[in-house]
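S.K.:
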Amino acid sequence: MNYDLDKFGLSEEELFSPVDNSSLESEKITAPRYSYWHSVFRVFFKKKINIAVLCLLGVILLMTYVYPLFVEYDRFANLMNGATKHLSPSKALQQLGFNIHWILGSGASGQSTFDAVWFGSRISVSLAFICALINLSIGVIVGSVWGFSKKVDVFMMEVYNIIGNIPYVLLISVLVLIFSPSFWTMVFALTVTGWLAIAYFIRTQVVIIRDREYNLASKCLGTSIFRIAMKNILPFMTSVIVTLAATEIPSYISYEVFLAYIGMGLSDMSLGRLIYEAEGAMLTPGWGFEFWSPVVVASIITVVLYVVGQNLGDASDPRTHM
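Under my numbering, residues 5 to 326 are what the sequence shown spells out, in order.
What follows is the structure, encoded as structure tokens:
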């Protein structure tokens, strides 16, 4: 097709311009850069409910770890003063002064229920984070190798079939009874086999993607199984790991509270210990705050941690970044 350049007032020099084939400009990609974690947080903060829950989690963590640093809590400071024991919030504020320490009343020793709840939360939340870190680290690494190596799979399946059939709560209870019920004893009891279920779940996920072409090519080139698991498989499982953390962290708080409630928990002042000691006040008129305050705080912490983790796990799925 011929065009009349004079009709448009153009010359051949103006219509066409030479291109330097060796120019690096031709190698530039015009598509915007993709940042995985930027997309994760963009999807996560798109929902306003996530911002509200994250703010609530921030307040809880501040009260759990920062508030006890500025408060001198002595559980037995008012032990000899019978007028300070088992006070409702209104009576405690009237008798002991209008301040934040007495907004939840007082306990059996005349101690501040509000202060006791946050000191106990620090122990329970720390226990949950430490146990989750240990179990997830071991479970993810072992599960990745387990799912990729058939020799390891044969051995680990036998281990899982034996240990996995032992009730987890029963095993924890026995270990706590054998050793003294301290903080690190509880950590040991919750992590000695707690990683096994996580490893089995990760193994199942790895089996799904281990025979893809790029993994087979890496194996044929002599890449070690450990390196393939760490470099080729785990990066694709970020959302799965985050979702696991969302369920694991609250579960350890629940285990601690349950064991303490049946008398097998920590001897330290944790949320479970507070609930156990205030059990008798549950049905006594005017004493209910001693029991329900740690129950409500433990429930809020577990629900908030679960919601944040689940929504962050959904945002970590690349399929939500479209």
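Where a beta carbon is used, it is the ideal one built from N, C-alpha and C, also for glycine.
Give a yes or no on whether the C-beta atoms belonging to residue 53 and residue 140 are separated by under 8 angstroms.
M.R.: Not a contact, by the Cβ cut-off of 8 angstroms.
S.K.: Please determine, among 237, 325, 305, the residue with the shortest C-alpha to C-alpha distance to residue 219.
M.R.: Nearest in C-alpha terms to residue 219, of all of 237, 325, 305, is 237.
S.K.: Given that a residue counts as buried once 16 or more other Cβ atoms are within 10 Å of its Cβ, and exposed if not, what is residue 283?
M.R.: exposed
S.K.: How long is the line joining the alpha carbons of residue 189 and residue 225, rounded to whole angstroms?
M.R.: 46 angstroms
S.K.: In the DSSP assignment, the alpha helix (DSSP H) including residue 53 goes from what residue to what residue?
M.R.: 52-65
S.K.: Indicate whether residue 246 and residue 209 have their beta-carbon atoms separated by less than 8 angstroms.
M.R.: No. Outside cutoff.
S.K.: Just the Cα atoms here: how many angstroms apart are residue 96 and residue 205?
M.R.: 50 angstroms
S.K.: Just to confirm before moving on: does the CB-CB distance between residue 273 and residue 127 stay below 8 angstroms?
M.R.: yes
S.K.: Flag this pair as yes or no: are the beta carbons of residue 40 and residue 122 separated by less than 8 angstroms?
M.R.: no
S.K.: So is residue 269 buried or exposed if we call it buried at 16+ other beta carbons inside 10 Å?
M.R.: buried
S.K.: Could you name each continuous alpha helix (DSSP H) segment of 4 residues or more that falls completely within the region 175-200, going from the start of the chain to the end?
M.R.: 187-195
S.K.: Assuming residue 217 is part of the alpha helix (DSSP H), what are its boundary residues?
M.R.: 217-224
S.K.: In the DSSP output, what is residue 370 paired with across the bridge?
M.R.: Nothing can be reported for residue 370: it is not among the residues displayed for the chain, which extend from 5 to 326.
S.K.: Just to confirm my understanding: we take residue 253, look at its own chain, exclude 5 residues before and 5 after, and list those with CB closer than 6 angstroms. What are they?
M.R.: So the qualifying residues of the chain are 132, 136, 309.
S.K.: Do residue 302 and residue 280 count as a contact pair if the criterion is CB distance below 8 angstroms?
M.R.: No; because the gap between Cβ atoms is not below 8 angstroms, this pair is not in contact.
S.K.: Grouping DSSP H, G and I as helix and E and B as strand, with all else coil, what is residue 241?
M.R.: helix
S.K.: For a test of the three-state rule: what should DSSP assign to residue 208, helix, strand or coil?
M.R.: helix
S.K.: Please report the residue range of the alpha helix (DSSP H) in which residue 309 lies.
M.R.: Element bounds for residue 309: 292-319.
S.K.: Using a 10 Å radius around the Cβ and a threshold of 16 neighbouring Cβ atoms, would you call residue 160 buried or exposed?
M.R.: buried
S.K.: Does the region 166-177 come close enough to the region 107-120 to have 3 or more Cβ pairs within less than 8 angstroms?
M.R.: Note that the region 166-177 does not touch the region 107-120; fewer than 3 beta-carbon pairs, one per stretch, sit closer than 8 angstroms.
S.K.: Could you tell me the distance, in whole angstroms, from the CA atom of residue 292 to the CA atom of residue 73?
M.R.: 27 angstroms
S.K.: If we count Cβ pairs, one from each stretch, closer than 8 angstroms, do we get three or more for the region 74-81 versus the region 41-52?
M.R.: no
S.K.: Put residue 283 into one of helix, strand or coil per three-state DSSP.
M.R.: helix
S.K.: Which residue's Cα is closest to the Cα of residue 318: 250, 239, 145, 68?
M.R.: 250
S.K.: For residue 158, which three-state DSSP category applies?
M.R.: Three-state DSSP puts residue 158 in a helix.
S.K.: Could you work out which residue in 64, 255, 143 is closest to residue 207 when comparing CA atoms only?
M.R.: With distances taken between Cα atoms, residue 207 lies closest to 143.
S.K.: Taking all protein chains shown into account, decide if residue 289 is buried (16 or more other Cβ within 10 angstroms of its Cβ) or exposed.
M.R.: exposed
S.K.: Does DSSP classify residue 168 as helix, strand or coil?
M.R.: coil
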